[in-house]
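Residue numbers (my numbering): 49 to 205.
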């Protein structure tokens, strides 16, 4: 029985060829002397590296998008600590168990974001504390010095 049905003119194969069950781009040996290999699966992505990256991004995002809120600075600080901690744990895991998980670059990027977020958070917390203490400390340092403003008012006509 043929692969093609018979047509109105009695031609069973429209191209006059035998049906081929082999790919035209592949030789019977597997193609150009190479045997086909099944695709190798890459190791799974490390969840600790992903947590490090996302908490580092959250630390930076909290600092730059919510710059006026004091509680956000504390939250950004905690996210920076989480990013640095999970990033270092992930890198240690990559050294002790090589090839088991992937994502070393992601852990390093998370570490960088975490350290930047931590540094900016610490500087902003110091600035926040200083800005709260300066008005409280200034009267104790110079109790009799008050700012004097000399405003000259125009005389009414």
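Every residue, glycine too, gets a C-beta built ideally from N, C-alpha and C.
Across the structure, residue 166 and residue 174 are spaced so that their CA atoms are roughly 12 angstroms apart. With fewer than 16 neighbouring CB atoms inside 10 Å of its own CB, residue 147 falls in the exposed class. In the three-state reduction of the DSSP assignment, residue 179 falls in the helix class, which pools H, G and I.
Ranked by how close their Cα comes to the Cα of residue 171, the residues 203, 143, 121 have 121 in first place. Closest by C-alpha distance to residue 161, out of 124, 182, 104, 123, is 104. Unbroken alpha helix (DSSP H) stretches of 4 residues or longer found wholly inside the region 86 to 132: 95 to 113, given in chain order. Classified as buried, residue 134 has 16 or more neighbouring CB atoms from the shown chains inside 10 Å of its CB.
Take residue 142, set aside five residues on each side of it, and the residues of its chain with a beta-carbon closer than 6 angstroms to its own are 152, in chain order. Counting the other CB atoms within 10 Å of its CB gives residue 181 a total below 16, which places it among the exposed residues. Contact between residue 101 and residue 149 is ruled out by a C-beta separation of about 14 angstroms, above the 8 angstroms threshold. Rounded to whole angstroms, residue 139 and residue 87 show a C-alpha spacing of 27 angstroms.
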